[in-house]
Structure formats: structure tokens, C-alpha cells
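**Student:**
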Amino acid sequence: MNLITDNWMPVRLRDGSRAWVAPTELTRPDILAFDADRADFNGALAQFVIGLFQTTFAPNNPIESRKRWTQPPSADELKALFAPVQAFFECEGDGPRFMQDLELALAPDELLDIGSLLIERPGGNALKNNTDHFVKRGGIEALCMHCAVTALFTLQINAPSGGVGYRTSVRGGGPLTTLLLSSSSDPNENSLWHSLWLNVMDTAHFEAGGGSPERTAPWETFPWLASQQTLQAEGGTVAPEQVHPTHVFWAMPRRIRFAEAEAHVGTCDLCARPTDQVVRSYMTRNQGLNYKGPWRHPLSPYYQTKEALLPMHPQPGGFGYRHWAEWAVGLRTENRQVEAATTVSHFLESGMGRRTGLRLRIWAFGFDMDSAKARCWYESTVPLYALADCEPHVYAEVSQEVAGWVAGAETAMRLLRDAVKACWFSKDARGDFSFVDATFWSATEAPFYRLLEERIHAAQAGVVVDRTEASERWCAYLYKAIQNLFDKEFIGAGAIERENPARIAQAKKRLMASTPKLRAALGLPAEERTAKAAAPKKAVN
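Numbering (the numbering used here), first residue to last: 105 to 645.
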């Protein structure tokens, strides 16, 4: 099987049907999205193709990038562009195999079930201690080569910690990935090709992110082409300057090799497609490539610590509008500094979306990992509206305003949580009250995006925005939202005989007097009266 020429990628077509295609077909206008049987596979497939495009035919400048956007290469052109690397993407045989250790000798008594490649599957200790209570062992015993290779690539780019010497990915275990997607209403600008190409940078800007362009040996991009010692001395590490910049897409922290595929007429345990050969087991060793140093992956946002920039990872609680500024334009406040993914910031700053009417979204996804344990897979899309059509100075302005709105929302959320706790137990009660937070973020999401859309469209039109008026409206809505949630979702919805009226009255009184705290969090003048600030007619509709 060759990943350049074989039809191994599941996609959804414009008519709603499903097909399997080769990378050379991805410029077809009827292909809308990847359509794998697992959400993490869809994210991995997108990163595979973006990496392939960036490696084989990155544009030389924004003008060339825009031309490719409007005039995608044909299947024959893609075949020619991929031809120099085609031999590096073989998945079987005695020679180099895609993402597999070249020198790892298979030991029959050390083989693992192929299902263990899936990140959420129980590990060796869970099986030994019989603690696989929620994700059970078994069920995945035989995979077609298509699913096996996709699982392997997914593991390599998300690799969590897995014991002594089992390396994490370039971005650590379970990184957050943010990709640009086209939201154009024009069918000629919203195919899968258009969304993927948005995330491919021109060569100069991409290479400025790290790595050594003069490192042109094939294995300095594709590490499975040589022995591990070629790139990393025993007990050593791999730094960006030791490899080509595109190595970041093909990093291989785990030493894995599949057992030989078996002839088997049946179906794959994952995709349920008919197959005539399956992969049942693989072998792994520790002490893989150890990525250390100032690595900067272009598809992830990074946050600043005292020591360095670090890649972001999904956290318990999931995604929401509170992350919008970090993902879209970055964030700089007194307590937190975040840089958006390089591909996102490059596209906005390059001006490719200006005066085009292009509408974009950000697709964010990743595993929330607790060491080697996958707690959850999170995935979301958020709108950018007309942000790509705005001038560069708007990005910092919008980021600052959104940071203020989110600070106000976080204050409102804490006020609501404290009020609920005070009614049920006491304000200082311990326990998991994250359901209150989740309900609040969900209830306030739609008005936030309405306010954001108004702000961006005003900037696009060159209209001077009254920031105070927008914050006043947001403050009024937050105040109204926490009152409604308190009365209708948490406290007022319970059986009266099980409630403590005195405690409820005290908590409600404190909540109704919370406007000054909301105003302070939003940077609004303290002398404004509560009644005026909370007037329903000024709330976001």
C-alpha cells in the first residue's frame, strides 16, 4: 500500500455520499470534508495532507498561494508534484515503511494487539490490573491497512506519555490543533481543498518558524527512511536545527513496526469495510526520537511561560467562546499571553482574505490527556466572520475587547457558581460544580457571538465603535443571564420542600447586588447605577 497512489482516505462528497480517494484527488470540487469513522482520524488526515502540501509544493509567496486557491492543481499535476516523495510513503515490505521504525526487529512474544494503537484504549497496566472499566479491552482485533496506518499516524502526532522512554509528540501529549476552514457560500470556494490550502504557508514564512532548510537529506524530513541513530545519538535529543523545517509534520517519537499483514477475507473491525488482508499486531520499543528545544508547530496556538512558549492542550471543561481570542488573533493581557497558530496569524496578516468577501471558521480539536489516559476528545468550530477582511490593526483591538468581555463572563460565572453553592451547601463547599460553569457558557454563547459579529462587521466597514456601549450591553446580558439561570435552571427548578428559603433568599440578594463586580470586571465606570446597567432593552438580543 502506498499513501500517495492508493485510495485510502475516506471523504464526504457534496451529494452526501462517502468515497475513498487518494491524495491526488483532493482538489475535486465535490469533496467537502474527511469522513473517517473516528473524529481523531479526521483531524489526523487533515494534518497529513497539510503536511504533504507544505512539503511538496508550498507557494513561494502570497500571490502564488491565492492563485492556487482559485486554480487548484489537477490530479495529474498533483501526481507530478508528489512523485519525488512517493517512494517514501510505502506501508509494507522489508524496506522503509511509513512512520515505522526501520530497524525494529519483531519478537513474536512481544507483539501487542493492533487495537492498542488507538489512544483511548486501555494500556498494559490497565489490562494487568483489570481496571478497564469504561473503555473495555478487545473489540478491535483486526484492522485493514488503511485504518491501521491512520491509527499509527494519529498516535505519532498526538503521542502521550506512555512510561519510561516512551516519547511524546513534538507538541507534547494530546496537543490542541486549530485549522482554518472556508465558510464561503460559493461552491467554488468551500471544498475540502480550499480549507486545507488555507493552512499551507508560503515557504519563507514557514521556514522562519524553525528548522534548517539546508537539511535536505530525505531522512531529515521523513525520519522512517533511516535508522534512529542517524538523527539522534543514543540518549540524545532532536532539536529543530538538526532537521528540515517540514520534519515537524512527520515527527516520529514512537518506535513502532507492524507485524506482517495477514490474508483475511472479511471486514475491518473499525471501518467495517470488506478487506482481503488485515493487521492484527505490532511491536513497540521505548527510547524513540526525543524532541527537545524551541519546536514550533504551525498548527497549534502557544502560550508564554517564564521559560518559553509552550503548545496549548485541551483541558477539562471543553471549548467555548472564552477561547475565541486565543485561537483567532492571540491574547495579551497582564496575566496571560497566547499566540495564535502560525498558520492562522499568517493568513490574516498576509491580507489574502481582504477585499474578497471570504468567510472563515476555526476548527479546533484534540485529546484532553491525563498523562497516558485520554479523558476526552474535544472538537469545535468557531466563526471568524469578516475578520480576514479587516485591516491588521483591528486584530489587536478585537482581541483586547474580547478579553474584556470574557473577563466579565468569568466573573459572572463565578458569581453564579458561588450563589448555587451557597443555596445548596455553603459558599466554601468543595466538590465538582463544573456543570454550573458549562451551563453558563452554553447559555451565554449565542449573544457573545452576536456582539462579536457586530464588532467585526463595524470594523470591516470602517465604523468607529463605542466600546463602552458594547460593554454596557454585555454587562446587562450577563446580569440577566445569571439571574435567569439561578431562578430557572438551578434553584427555582427544585422541589420547594427540599430547599432552604432563608439560604436561597440570601444568595439571591447577593446575586442581585453583583452588578458592581460585573462592571469592574468589564472596566466600566463604577458610578453607573445597577438598574440602568441591567435594563433589558440594552441587553444583547
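Where a beta carbon is used, it is the ideal one built from N, C-alpha and C, also for glycine.
1. When we look at the beta-carbon of residue 205 and count the other beta-carbons within 10 Å, is it buried (16 or more) or exposed?
2. Starting from residue 137, follow its DSSP beta bridges and name the residues at the other end.
3. Give the DSSP bridge partners of residue 371, in chain order.
4. Leaving out five residues on either side along the sequence, give the residues of the same chain with a beta carbon under 6 Å from the beta carbon of residue 303.
5. Classify residue 343 as helix, strand or coil using the three-state DSSP reduction.
6. Look up residue 477 in the DSSP assignment and give the residues it is bridged to.
7. Would you mind stating whether residue 117 and residue 134 have Cβ atoms separated by less than 8 Å?
8. When DSSP labels each residue in this structure, what does residue 152 get in the three-state scheme?
9. I'd like the list of long-range same chain contacts for residue 106, defined as Cβ closer than 8 Å, with 5 residues on each side in sequence excluded.
10. Determine the DSSP secondary structure at residue 468, reduced to helix, strand or coil.
11. With a 10 Å radius around its C-beta and 16 neighbouring C-beta atoms as the bar for buried, classify residue 114 as buried or exposed.
12. So, is residue 121 buried or exposed, given that buried needs 16 or more other C-beta atoms within 10 angstroms?
13. In its own chain, which residues sit with a C-beta less than 6 Å from the C-beta of residue 124, not counting the 5 before and 5 after it?
14. Within 10 angstroms of the Cβ of residue 570, are there 16 or more other Cβ atoms? Answer buried if so, exposed if not.
15. When you compare only the Cα positions, how much space is there between residue 438 and residue 629?
16. Just to confirm, is the Cβ distance from residue 454 to residue 166 under 8 Å?
17. For the pair the region 534 to 549 and the region 494 to 508, tell me if three or more CB-CB distances fall below 8 Å.
18. Tell me which residue opens and which closes the beta strand (DSSP E) that residue 406 is part of.
19. What three-state label does DSSP hand residue 582 in the structure shown?
20. What did DSSP end up calling residue 439 once you bin it into helix, strand or coil?
21. How is the beta strand (DSSP E) around residue 125 delimited, first residue to last?
22. My understanding is that residue 265 touches residue 355, with C-beta atoms under 8 Å, so please give their C-beta distance in whole angstroms.
23. Express the C-alpha separation of residue 475 and residue 433 in angstroms, rounding to a whole number.
24. Which class does residue 111 belong to by DSSP, given the choice of helix, strand or coil?
25. Just the Cα atoms here: how many angstroms apart are residue 473 and residue 480?
26. For residue 180, count the other beta carbons within 10 Å of its own beta carbon; 16 or more makes it buried, fewer makes it exposed. Which is it?
27. Could you compute how far the alpha carbon of residue 611 sits from the alpha carbon of residue 262?
28. DSSP three-state call for residue 362: helix, strand or coil?
29. Only counting the same chain, and skipping five residues up and downstream in sequence, which positions put a Cβ closer than 7 Å to that of residue 238?
30. Whether or not the region 307 to 314 and the region 368 to 375 are in contact is what I'm after, with contact meaning three or more pairs of Cβ atoms, one per stretch, closer than 8 Å; do they touch?
31. What is the DSSP secondary structure of residue 402, counted as helix, strand or coil?
32. So residue 402 and residue 280 are in contact, right, with Cβ under 8 Å, and what is the actual spacing, rounded?
33. At which residues does the beta strand (DSSP E) containing residue 452 begin and terminate?
**Tutor:** A quick look at the data gives this:
1. Its Cβ being crowded by 16 or more others within 10 Å, residue 205 is buried.
2. According to DSSP, which records beta bridges pairwise, residue 137 is partnered with 116.
3. DSSP, once it has assigned bridges, lists 378 as partnering residue 371.
4. If we look at residue 303 and ignore the five residues flanking it on each side, its Cβ neighbours are 154, 283, 284, 447.
5. When secondary structure is reduced to three states using DSSP, residue 343 falls in the coil class, being assigned neither helix nor strand.
6. Partner(s): 474.
7. Less than 8 Å separates the beta-carbon of residue 117 from that of residue 134.
8. Judged by DSSP in its simplified three-state form, residue 152 adopts helix.
9. Once the five neighbours on either side are set aside, the close Cβ partners of residue 106 are 190, 193, 194, 195.
10. Under the three-state reduction of DSSP, residue 468 is assigned to strand.
11. It is buried - the Cβ of residue 114 has at least 16 other Cβ atoms within 10 Å.
12. Residue burial is scored here from C-beta neighbours: residue 121 has fewer than 16 other C-beta atoms within 10 angstroms and is therefore classed as exposed.
13. Once the five neighbours on either side are set aside, the close Cβ partners of residue 124 are 111, 114.
14. When all chains shown are included, residue 570 counts as exposed.
15. Answer to the nearest angstrom: the Cα atoms are 20 Å apart.
16. Yes. Within cutoff.
17. In this structure the region 534 to 549 does not lie against the region 494 to 508, because fewer than three pairs of beta carbons, one per stretch, are closer than 8 Å.
18. Going by DSSP, residue 406 is part of the beta strand (DSSP E) stretching over 406 to 408.
19. Taken through DSSP and simplified to helix, strand or coil, residue 582 comes out as helix.
20. DSSP places residue 439 in coil when its eight states are reduced to three.
21. From DSSP, the beta strand (DSSP E) with residue 125 extends over 122 to 125.
22. With 8 Å as the limit, residue 265 and residue 355 do not qualify as a contact, their Cβ atoms being about 15 Å apart.
23. If I take the Cα positions, the gap works out to 29 Å.
24. For residue 111, the secondary structure class from DSSP, reduced to helix, strand or coil, is coil.
25. For residue 473 and residue 480, the distance between alpha carbons rounds to 7 Å.
26. By the beta-carbon neighbour count (other beta carbons within 10 angstroms, threshold 16), residue 180 is exposed.
27. Cα-Cα distance, rounded: 45 Å.
28. Here residue 362 sits in strand by DSSP.
29. With a pLDDT of 45 at residue 238, under the threshold of 50, the predicted position of this residue should be treated as unreliable, and no value is reported.
30. Result no; under three Cβ-Cβ pairs closer than 8 Å.
31. The answer is coil: DSSP assigns residue 402 none of H, G, I, E or B.
32. Actually they are not in contact, since the Cβ atoms of residue 402 and residue 280 sit about 13 Å apart, beyond 8 Å.
33. Unbroken run through residue 452 is the alpha helix (DSSP H), 446 to 454; no beta strand (DSSP E).
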